[in-house]
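Numbering (this note's numbering), first residue to last: 52 to 234. C-beta: ideal position from N, C-alpha, C; glycine also. Please read the structure below before turning to the comments.
Printed below as a string of structure tokens:
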């Protein structure tokens with residue numbers, strides 16, 4: 052389904068919809084979105100009647116994108132009963148997308164995967180470089196702090212303390228419920 056609707060109508064429809072919904076946030080200019088489109092269409096047909104796919108064109112519906120807190124496209128958001136239960140940002144394989152459809156049907160929240168190895172290494176290298184630069188230029192507290200944040204982003208998915216507080220932070224900032232996502 053690709054129908055434009057105002058923000059309030061989108062949120063109302065999500066809250067009252069009887070089946071799980073996967074919001075496919077895309078744009079015509081987005082090459083990964085175009086690459087994924089046939090896979091999403093094929094899976095939508097396969098799961099027809101069990102999971103609905105609603106396409107949101109990020110270029111034509113920027114208010115929906117803002118309200119859903121989408122920072123990059125393509126983004127796939129699983130919504131059940133008006134609540135976001137999962138999200139995938141970036142291009143995915145058919146297996147990744149099928150896992151989203153299966154997660155939409157299950158009663159459990161989809162498991163989060165860790166960072167891909169290349170992303171983790173890139174973050175570690177960039178964070179390390181910022182820390183070294185921060186130490187050699189003064190020290191520069193701004194560079195040291197930025198380096199520390201980038202380093203932490205490389206290992207946050209493996210940090211048990213972060214995993215324990217992340218759900219509390221998400222609920223504090225309203226990430227769990229689509230209907231509370233800003234005004």
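Could you give the C-beta distance for residue 102 and residue 156, rounded to a whole number, given that I count them as a contact under 8 Å?
-> In the chain shown, counting from the first residue as 1, residue 102 sits at position 51. In the chain shown, counting from the first residue as 1, residue 156 sits at position 105. Contact holds; Cβ gap of about 6 Å.
If we count the other Cβ atoms within 10 Å of its Cβ and call it buried at 16 or more, is residue 210 buried or exposed?
-> Here the question's residue 210 lines up with position 159 in the chain shown. That one is exposed.
Between residue 60 and residue 128, is the Cβ-Cβ spacing less than 8 Å?
-> On the chain shown, residue 60 is found 9 positions in, with the first residue counted as 1. On the chain shown, residue 128 is found 77 positions in, with the first residue counted as 1. The criterion of a C-beta distance shorter than 8 Å is not satisfied by residue 60 and residue 128.
According to DSSP, what are the bridge partners of residue 74?
-> As a first step, residue 74 must be located in the chain shown, where it is residue number 23. Assignment of beta-bridge partners to residue 74 by DSSP yields 105, 128.
To which residues of the same chain is residue 98 closer than 6 Å at the C-beta, ignoring the five residues directly before and after it?
-> As a working mapping, residue 98 is identified with position 47 in the chain shown. Sequence-distant Cβ neighbours of residue 98 in its own chain, meaning closer than 6 Å and more than five residues away, are 152.
Please report how far the alpha carbon of residue 95 lies from the alpha carbon of residue 104, in whole angstroms.
-> Working through the chain shown from its first residue, we reach residue 95 at position 44. Working through the chain shown from its first residue, we reach residue 104 at position 53. One C-alpha to the other measures close to 6 Å.
With distances taken Cα to Cα, identify the nearest neighbour of residue 111 among 175, 100, 79.
-> Residue numbering aside, residue 111 sits at position 60 when the chain shown is read from its first letter. Comparing Cα positions, the closest option is 79.
Taking all protein chains shown into account, decide if residue 245 is buried (16 or more other Cβ within 10 angstroms of its Cβ) or exposed.
-> The structure shown has nothing for residue 245, since the chain only spans 52 to 234.
Which of helix, strand or coil does DSSP assign to residue 137?
-> Against the chain shown, residue 137 aligns to sequence position 86. In this structure, residue 137 counts as strand in the three-state DSSP scheme.
Would you kindly report the start and end of the unbroken alpha helix (DSSP H) that includes residue 153?
-> The residue you call residue 153 lines up with position 102 of the chain shown. DSSP places residue 153 in the uninterrupted alpha helix (DSSP H) bounded by 145-156.
Between which two residues does the alpha helix (DSSP H) harbouring residue 214 extend?
-> One-based indexing of the chain shown puts residue 214 at position 163. Residue 214 -> alpha helix (DSSP H) spans 211-223.
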